[in-house]
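Residue numbers (the working numbering): 222 to 623.
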């Protein structure tokens, strides 16, 4: 009797394993599949996430057990098999995207605000508010690798621990992050046998969030305590941190800030960078060749997420309360607003499909995720979700800083 084809045997075993994970997911995964068209939507009210298929514009299942997701973010492992969910309660939870099940969870602090996965995929770093600092874990075992307290010296000579924000990964197995109260930027090099911390002090008042350019060269922290931003050139760290866009609001009265902008949702288009202006109804445009301010674009409200379509032809903007009922689209060639959409109530988070043909938008108080065609602005689907907020697709696994 001839031996069974080992490939067919493996496929059959894999299909059976997926069927065993539950009927909700089994209908969509009876055949072996990749993870390239999968993603997760944070359901903040119920501490759950919706596992979604971007090709079929469908919710595969809702997964519970993630704790406090009132401010949550997600990073994907190098192979895009797992999603790490960072919860506001200090929870670090690993979700298996193929089985649709949680396969690891720890509560590693009192209050965390996001993190990053290293270039080689071995480490996951978590930025903590309480206690202030960064903890790095093994992505496979969730064992603690290094604990870096964000300790700084105050003007009176005493020490304290700062909230850590803006944790990103950059080439060389390095993490970069900002210390809110300290006004500092630190790098944590995980490529050496003993992890090495480098501190950059006096970068500006109250860095509240940060981003890294797609090539990993520039780390830019927004400053809440003053107009402007702090830039670290990681190709030339010996030059220290420089200020860019200084005094962009000089002489103007700042509006009340209802929600801090998210710089990881910034936009690049050619030699232009688009930033949300803190406390102003403006999107700022800078020339990335010298980081000078070249244009202010008046928009519907205080911008929170300013995101570029993958082909850089459009920038999509969402806004803070009380003007968070709309999305505006900017043409990057003309710098004009070309479309205003009203997907539902409490619009904030959005995510493009990998090549940008569609955009998924959370309408939190409408309990829906709305999908649009980015060329025609036609509404394509409305998917059910419990108070949806952050949307994260697996193509982020292969992009620096995301």
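By construction, the Cβ of each residue, glycine as well, lies at the ideal position given by its N, Cα and C atoms. Computed from a predicted structure; not experimentally measured.
{"query": "Nearest neighbour of residue 529, chosen from 618, 356, 579 [CA to CA]", "result": "579"}
{"query": "Proximity of residue 507 and residue 525 at Cβ, strictly below 8 Å", "result": "no"}
{"query": "Given 8 Å, three or more beta-carbon pairs between the segment 316–324 and the segment 351–362", "result": "no"}
{"query": "Backbone CA spacing between residue 503 and residue 361 [nearest angstrom]", "result": "43 Å"}
{"query": "Other residues of its chain near residue 268: CB distance less than 6 Å, five sequence neighbours each side excluded", "result": "287, 288, 290"}
{"query": "Classification of residue 349 by the beta-carbon crowding that lies within 10 angstroms, buried from 16 upward", "result": "buried"}
{"query": "Chain-order list of residues whose beta-carbon lies under 7 Å from that of residue 577 (same chain, five-residue window excluded)", "result": "530, 531, 532, 595"}
{"query": "Between the CA atoms of residue 590 and residue 603 - distance to the nearest angstrom", "result": "6 Å"}
{"query": "Exposure label - residue 420; buried when at least 16 CB within 10 Å", "result": "exposed"}
{"query": "Where residue 586 falls: helix, strand or coil (DSSP)", "result": "helix"}
{"query": "Range of the contiguous beta strand (DSSP E) that encloses residue 407", "result": "405–410"}
{"query": "Beta-carbon separation (whole angstroms), residue 548 vs residue 558, contact threshold 8 Å", "result": "Actually they are not in contact, since the Cβ atoms of residue 548 and residue 558 sit about 11 Å apart, beyond 8 Å."}
{"query": "Under the three-state DSSP convention, the category residue 617 falls into", "result": "helix"}
{"query": "DSSP three-state assignment for residue 460, whether helix, strand or coil", "result": "helix"}
{"query": "Coil, strand or helix - residue 605 by DSSP", "result": "strand"}
{"query": "Residues bridged to residue 303 (per DSSP)", "result": "317"}
{"query": "Cβ-based neighbour list, residue 266, same chain, cut-off 8 Å, excluding 5 preceding and 5 following", "result": "607, 608"}
{"query": "Beta strand (DSSP E) segments (min. 3 residues) lying fully within the segment 365–442", "result": "365–370, 372–374, 380–382, 385–391, 395–400, 405–410, 417–421, 428–433"}
{"query": "Beta-carbon proximity list for residue 555, same chain, < 8 Å, skipping 5 on both sides", "result": "none"}
{"query": "Member of 442, 458, 453 whose CA lies at the smallest distance from the CA of residue 497", "result": "442"}
{"query": "Cα-Cα separation between residue 454 and residue 465, rounded to whole angstroms", "result": "12 Å"}
{"query": "Beta-carbon contacts of residue 283 that lie in its chain and below 6 Å, excluding the five residues immediately before and after", "result": "269, 271"}
{"query": "Straight-line Cα distance separating residue 621 from residue 392", "result": "8 Å"}
{"query": "Three CB pairs or more closer than 8 Å across the segment 610–617 and the segment 289–308", "result": "yes"}
{"query": "Helix, strand or coil at residue 478 [DSSP, three-state]", "result": "Confidence in residue 478 is poor, its pLDDT being 49 and thus under 50, which makes the residue's placement too unreliable to answer from."}
{"query": "Classification of residue 537 by the beta-carbon crowding that lies within 10 angstroms, buried from 16 upward", "result": "buried"}
{"query": "Those runs of the beta strand (DSSP E) which lie wholly inside the segment 490–560 and span at least 3 residues", "result": "493–497, 503–508, 513–519, 524–529, 535–540, 548–552"}
{"query": "Where the beta strand (DSSP E) containing residue 266 begins and where it ends", "result": "Per DSSP, residue 266 belongs to no beta strand (DSSP E) and is neither H nor E."}
{"query": "Distance CB(residue 388)-CB(residue 346) smaller than 8 Å", "result": "yes"}
{"query": "Under 8 Å between C-beta atoms of residue 373 and residue 400", "result": "yes"}
{"query": "Span separating the alpha-carbon of residue 521 from that of residue 623", "result": "27 Å"}
{"query": "Endpoints, beta strand (DSSP E) assigned at residue 351", "result": "344–351"}
{"query": "Assigned secondary structure, residue 322 (DSSP; H/G/I helix, E/B strand, else coil)", "result": "strand"}
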